[in-house]
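Enquirer:
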Amino acid sequence: MDVRLAFPLSRAEEALPRLQALGLGAEVYLDPALLEEDALFQSLRRRLSGKLSVHLPFWNLDLLSPDPEVRGLTLRRLLFGLDRAAELGADRAVFHSGIPHGRTPEEAMERALPLAEALGLVVRRARTLGVRLLLENSHEPHPEALRPVLEAHAGELGFCFDAAHARVFSRTPDPGPWLALAPEHLHLNDTDGVYDRHWNLGRGVLGHGAWLRPYLDRTMVLEVREDPEASLRYLSALEEGEGDVNRLTDTLQR
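Offset between the sequence shown (1-based) and our numbering: plus 1.
1. Quick one: any contact between the region 60-76 and the region 5-22, if contact means 3 or more CB pairs under 8 Å?
2. What alpha helix (DSSP H) runs, 4 residues minimum, are completely inside the region 80-117?
3. Output needed for Phe-81: all residues of its chain with C-beta closer than 7 Å, excluding positions within five of it in sequence on either side, in chain order.
4. Using a 10 Å radius around the Cβ and a threshold of 16 neighbouring Cβ atoms, would you call Tyr-235 buried or exposed?
5. Please classify His-102 as buried or exposed, where buried requires at least 16 other C-beta atoms within 10 Å of its C-beta.
6. If I follow the unbroken alpha helix (DSSP H) through Tyr-235, where does it start and stop?
7. Please state the DSSP three-state secondary structure of Pro-215.
8. Are at least three pairs of beta-carbons, each pair with one atom in the region 168-186 and one in the region 146-160, less than 8 Å apart?
9. Grouping DSSP H, G and I as helix and E and B as strand, with all else coil, what is Arg-5?
10. Are Gly-159 and Leu-130 close, meaning C-beta to C-beta below 8 Å?
11. If you check the beta carbons only, do His-199 and Val-222 fall under 8 Å apart?
12. Do you know how far the Cα of Arg-204 is from the Cα of Arg-219?
13. Specify, as a first and last residue, the run of the beta strand (DSSP E) that Asp-163 falls within.
14. Restricting to Cα atoms, I'd like to know which of Val-4, Ala-27, Glu-88 and Pro-115 is closest to Arg-12.
15. Going by DSSP in three states, Asp-191 sits in which element: helix, strand or coil?
16. Is the Cβ-Cβ distance between Leu-41 and Leu-10 less than 8 Å?
17. Across which residues does DSSP place His-56 in a beta bridge pair?
18. Look up Glu-137 in the DSSP assignment and say whether it is helix, strand or coil.
19. Quick check: the Cα distance between His-143 and Arg-226, rounded to an integer number of angstroms?
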């Protein structure tokens, strides 16, 4: 399995030894405050030896913001983030659409084609750098808001599925409709269904055992704020074909 552990640049020093001990790949969140720290990126490039992806900056960014300053900043952040991804030797880069929380289904659909157009330079930069670009569901009310964007850049833009985002932020909590977008990258964690908790798998309500097994051959990123070993045991149980993984939760969490 291609399993990677997520951590921000700000926690790289503490995360790297644990990463190496577990033998996992990494997905590094490119903190905007550290994006221009050349020495940090040079050090990480030397020390990261496994499979690597990055999460591009996303806080307060939106390529379709009504504020032209925000639109320009968003584009610069995404392009520079891709440059940094290539410097680190990353094979993949994940980003959010920037849709504000609480948009109606109609508003979300109205954004789709303008977003596809606005992404042109970003898709081109990713292609030039040889970095696979992946659009993650965040605050979209339904998966159909992403389909036109993915189709507009078919072959050059993939889908990253986050089941916790679907459950907590969308109006389509069931994984099924999102999985119809054929994710090739998954952000894995669990939640109480109310907040984006980033718990270990099996601790919350997402029921990964019911839908995740067919996707174990994709890139899976553990976005957990706890020691990830319980999630790794959960994934191992799934891979070994355990019938009802949810019944094993108590054992896996010990």
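Beta carbons: idealized from backbone N, C-alpha and C, even for Gly.
Expert: Checking against the coordinates, here is how it stands:
1. no
2. none
3. In the sequence shown, residue 81 corresponds to position 80, counting from 1. Result list for Phe-81: Leu-36, in chain order.
4. Locating residue 235 in the sequence shown gives position 234, counting from the first residue. Flag for Tyr-235 reads buried.
5. Along the sequence shown, one-based indexing puts residue 102 at 101. Classification for His-102: exposed.
6. Position 234 of the sequence shown, counted from the start, is the residue given in the question as residue 235. Looking at the DSSP string, the run of the alpha helix (DSSP H) that includes Tyr-235 is 230-240.
7. One-based indexing of the sequence shown puts residue 215 at position 214. Helix at Pro-215.
8. yes
9. The sequence position of residue 5 within the sequence shown is 4, counting from 1. Strand, per DSSP.
10. The residue you call residue 159 lines up with position 158 of the sequence shown. The residue you call residue 130 lines up with position 129 of the sequence shown. No.
11. As a working mapping, residue 199 is identified with position 198 in the sequence shown. As a working mapping, residue 222 is identified with position 221 in the sequence shown. Against a cut-off of 8 Å, the Cβ pair of Val-222 and His-199 comes out as no contact.
12. Locating residue 219 in the sequence shown gives position 218, where the first residue counts as 1. Locating residue 204 in the sequence shown gives position 203, where the first residue counts as 1. Using only the alpha carbons, I get a separation of about 22 Å.
13. For the purposes of this step, residue 163 is identified with residue 162 of the sequence shown, where counting begins at 1. Taken as a continuous stretch (DSSP letters only), the beta strand (DSSP E) holding Asp-163 covers 158-163.
14. Taking the sequence shown and counting its residues from 1, the one referred to as residue 12 is at position 11. Residue Ala-27 is the option with its Cα nearest to Arg-12.
15. Taking the sequence shown and counting its residues from 1, one reaches residue 191 at position 190. It is a strand residue.
16. Numbered from its first residue, the sequence shown carries residue 41 at position 40. Numbered from its first residue, the sequence shown carries residue 10 at position 9. In contact: Leu-41 and Leu-10 (Cβ atoms closer than 8 Å).
17. One-based indexing of the sequence shown puts residue 56 at position 55. According to DSSP, His-56 bridges with Tyr-30 and Val-95.
18. For the purposes of this step, residue 137 is identified with residue 136 of the sequence shown, where counting begins at 1. Three-state DSSP puts Glu-137 in a strand.
19. Along the sequence shown, one-based indexing puts residue 143 at 142. Along the sequence shown, one-based indexing puts residue 226 at 225. Taking the straight line from one Cα to the other gives about 27 Å.
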